[in-house]
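Below: the structure, in structure tokens.
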Amino acid sequence: MATDISSKIKSIIEKHQPLAKRVEKVEAHLTSLQKYIQRLIKERNNFIPQLNDSQASETLQGVIIQSSVLSPQNN
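In the numbering used here, the protein residues as written are 50 to 124.
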């Protein structure tokens, strides 16, 4: 009986290994993208004060509002 349960557990784990590996790859990619986006946000924030064009500044400020969804504290 115990070996039957052990075999079932082992089979379930083996079936889910490929999915777990794919999830790990996707998670790593998403983490990389989040870091890249955060760098872009910092660059944008450094760039905004240098703008002399109010329309461009307003457009970038709009991006700030949209990007707040991506900030780590919201995760």
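Glycine included, each C-beta is placed from N, C-alpha and C at the ideal position.
Pop quiz: residue i and residue j are said to be a contact at Cβ under 8 Å. What is the actual Cβ separation, rounded to whole angstroms?
{"i": "residue 88", "j": "residue 109", "result": "Not a contact, Cβ separation roughly 15 Å."}
Residues in the same chain with beta-carbon distance under 8 Å from residue i, minus the five sequence neighbours each way, listed in chain order, please.
{"i": "residue 96", "result": "109"}
{"i": "residue 69", "result": "none"}
Taking 6 Å as the limit between beta carbons, can you name the residues of its chain near residue i, skipping five residues before and five after?
{"i": "residue 100", "result": "106"}
{"i": "residue 54", "result": "none"}
{"i": "residue 85", "result": "none"}
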